[in-house]
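Going by the numbering used here, the first residue of the sequence shown is number 728, and it counts up by one from there.
We put the CB at the ideal spot given by N, CA and C, even for glycine.
Keep in mind it's a predicted model, so treat the numbers as computed, not measured.
Let me begin by presenting the structure, written as C-alpha cells, before commenting on it.
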Amino acid sequence: MAAANSLYLKDLWDKKTEKSLKNDQIKLLLYRSNLLGSDLRITNFGGGNTSCKVKKRDPLTKKMTEIMYVKGSGGDLGTLKRNGLAG
Numbered sequence: 728m729a730a731a732n733s734l735y736l737k738d739l740w741d742k743k744t745e746k747s748l749k750n751d752q753i754k755l756l757l758y759r760s761n762l763l764g765s766d767l768r769i770t771n772f773g774g775g776n777t778s779c780k781v782k783k784r785d786p787l788t789k790k791m792t793e794i795m796y797v798k799g800s801g802g803d804l805g806t807l808k809r810n811g812l813a814g
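In C-alpha cells form, the structure reads like this:
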C-alpha cells in the first residue's frame, strides 16, 4: 500500500503485467481494481465500484452479446477476485 503521507499518487500500472493479461478484459478489470484499492487515500476499504463490458456468447441464443461485469457492493477493491464480480 502507498504511504498515506505521500503528497502525490504513484503510477502503479505495470505494462508487463498488462501485456501478460493478454487483453482479457475481466483480468484487466481485476488488475485495475486491485491497484485502485491498494491506496486507501483514493478508495474506501470495503467500498468503491468498478466494471467492464465484454462480448460473450449467450448460452441460449448463441448470439454474441455484451455482458457487464461489476464489483459487488461491500467487497474490497484491493483484494477483489473473480468470484467478487457479478456478470
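Identify the continuous beta strand (DSSP E) that holds residue i and give its terminal residues.
| i | result |
| --- | --- |
| tyrosine 796 | 791–798 |
| arginine 759 | Per DSSP, arginine 759 belongs to no beta strand (DSSP E); it is in the alpha helix (DSSP H), 752–764. |
| lysine 746 | From DSSP, lysine 746 is part of no beta strand (DSSP E) but of the alpha helix (DSSP H) over 742–747. |
| lysine 782 | 778–784 |
In chain order, what residues of the same chain have a beta carbon less than 7 Å from the beta carbon of residue i, not counting five sequence neighbours either side?
| i | result |
| --- | --- |
| aspartate 854 | It is not possible to answer for residue 854, since the shown part of the chain is limited to 728 through 814. |
Give me the residue from the options with the minimum Cα distance to residue i.
| i | options | result |
| --- | --- | --- |
| glycine 801 | Ile753, Ala813 and Arg759 | Ala813 |
| glutamine 752 | Met791, Lys783, Lys737 and Gly805 | Lys783 |
| tyrosine 735 | Lys808, Ile769 and Leu757 | Ile769 |
| asparagine 810 | Asp766, Asp785 and Lys754 | Lys754 |
| asparagine 750 | Asp738, Asn776, Gly775 and Lys780 | Lys780 |
| aspartate 738 | Thr806, Leu762 and Leu767 | Leu762 |
Taking only beta-carbon atoms, is residue i less than 8 Å away from chain C?
| i | result |
| --- | --- |
| leucine 804 | No chain C appears in this structure, which consists of one protein chain only. |
Excluding the 5 residues preceding and the 5 following residue i in the sequence, name in chain order all residues of the same chain whose CB lies nearer than 8 Å to its CB.
| i | result |
| --- | --- |
| serine 778 | Leu756, Met795, Tyr796, Val797 and Lys798 |
| tyrosine 758 | Thr744, Glu745 and Leu748 |
Spatial neighbours of residue i within its chain, please: CB distance less than 6 Å, with the 5 preceding and 5 following residues excluded, ordered by chain position.
| i | result |
| --- | --- |
| glycine 775 | Leu804 |
| threonine 792 | Asp785 |
| alanine 740 | Inspection of the sequence shows that residue 740 is occupied by tryptophan rather than by alanine. Closer than 6 Å at the Cβ level, and outside the excluded window around tryptophan 740, lies no residue. |
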